[in-house]
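S.K.: In the working numbering, the protein residues as written are 15 to 217.
What follows is a single structure, and I will ask about it in a moment.
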């Protein structure tokens, strides 16, 4: 957040000191400095709005990819398609989905941190009206980020379910391959025994 990356005012962060340059009541021409403070508020508001849009877009993309993999699983796709669904067929590997989830988690954590810092704009508002407006904006940001965090948790659960299904499908396919190989080997041994018996009878 831009505004609070600057050195804290005397008296501690979140408290309005007598020499706070962003306080209109302080000496030294507070009007122009207040405009600077407002510009930081506007800039950080836009930053949070962009973060929220980015998180939402990530969640939409993750959901689409999970739907693609789930469709492959329910249609009886083999383990290669389920666990490594290729982009050439319109799907996406589960490992790629995991990477997208990790990115979304990072973005959400950053947004939650910025929302928490945004509270400083409310406590340092120059007028009661500004404080009310900023509180409304804070509430909007808080609700949006909270909703997105819950949606992301749902994406994580869906991913975990698909990952388990992929592992189970891989194990089942491997077991089927082993059984087929064992039957083939047993059939070959029986053929050898028949050939041996036939040669003995000729003698």
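All residues carry an ideal CB built from backbone N, CA and C; glycine is no exception.
Run through DSSP, which three-state label would residue 147 get?
M.R.: Locating residue 147 in the chain shown gives position 133, where the first residue counts as 1. The answer is helix: DSSP assigns residue 147 an H, G or I state.
S.K.: Thinking C-beta only, is residue 126 closer than 9 angstroms to residue 84?
M.R.: Translated into positions along the chain shown, residue 84 becomes position 70. Translated into positions along the chain shown, residue 126 becomes position 112. Result no, Cβ atoms of residue 84 and residue 126 do not sit closer than 9 angstroms.
S.K.: Rounded to whole angstroms, what is the Cα-Cα separation between residue 78 and residue 71?
M.R.: Locating residue 78 in the chain shown gives position 64, where the first residue counts as 1. Locating residue 71 in the chain shown gives position 57, where the first residue counts as 1. Approximately 11 angstroms, taken between the alpha carbons.
S.K.: Is it a yes or a no for the stretch 109-128 touching the stretch 152-167, going by three-plus beta-carbon pairs under 8 angstroms?
M.R.: yes
S.K.: So, using beta-carbon positions, are residue 68 and residue 121 closer together than 9 angstroms?
M.R.: The sequence position of residue 68 within the chain shown is 54, counting from 1. The sequence position of residue 121 within the chain shown is 107, counting from 1. Going by C-beta atoms, residue 68 is nearer than 9 angstroms to residue 121.
S.K.: Taking just the CA atoms, how far does residue 129 sit from residue 62?
M.R.: As a working note, residue 62 is residue 48 in the chain shown. As a working note, residue 129 is residue 115 in the chain shown. Using only the alpha carbons, I get a separation of about 8 angstroms.
S.K.: Rounding to the nearest angstrom, what Cα-Cα distance links residue 137 and residue 171 in this structure?
M.R.: Numbered from 1 along the chain shown, position 123 holds the residue referred to as residue 137. Numbered from 1 along the chain shown, position 157 holds the residue referred to as residue 171. If I take the Cα positions, the gap works out to 38 angstroms.
S.K.: Looking at the structure shown, is residue 142 part of a helix, part of a strand, or coil, going by DSSP?
M.R.: Counting from one through the chain shown, the residue named residue 142 turns up at place 128. DSSP places residue 142 in helix when its eight states are reduced to three.
S.K.: Looking only at C-alpha atoms, which of 188, 153 and 177 sits nearest to residue 59?
M.R.: Indexing the chain shown from 1 puts residue 59 at position 45. Closest option to residue 59, Cα to Cα, is 153.
S.K.: Assuming residue 159 and residue 66 are in contact, meaning their beta carbons sit under 8 angstroms apart, how far apart are those beta carbons, in whole angstroms?
M.R.: Here the question's residue 159 lines up with position 145 in the chain shown. Here the question's residue 66 lines up with position 52 in the chain shown. About 6 angstroms separates the two Cβ atoms, so the contact holds.
S.K.: When you compare each of 108, 186 and 145 to residue 174 by their alpha carbons, which one comes out closest?
M.R.: Translated into positions along the chain shown, residue 174 becomes position 160. If we check each option's Cα against that of residue 174, 108 comes out closest.
S.K.: Which residue comes first and which comes last in the alpha helix (DSSP H) that contains residue 125?
M.R.: In the chain shown, counting from the first residue as 1, residue 125 sits at position 111. DSSP places residue 125 inside the alpha helix (DSSP H), whose first and last residues are 108-137.
S.K.: CA-CA distance, residue 64 and residue 124?
M.R.: As a working note, residue 64 is residue 50 in the chain shown. As a working note, residue 124 is residue 110 in the chain shown. Rounded to the nearest angstrom, the two C-alpha atoms are 12 angstroms apart.
S.K.: Considering only their Cβ atoms, is the gap separating residue 111 from residue 76 smaller than 9 angstroms?
M.R.: Numbered from 1 along the chain shown, position 62 holds the residue referred to as residue 76. Numbered from 1 along the chain shown, position 97 holds the residue referred to as residue 111. Pairing residue 76 with residue 111 gives a Cβ-Cβ distance under 9 angstroms.
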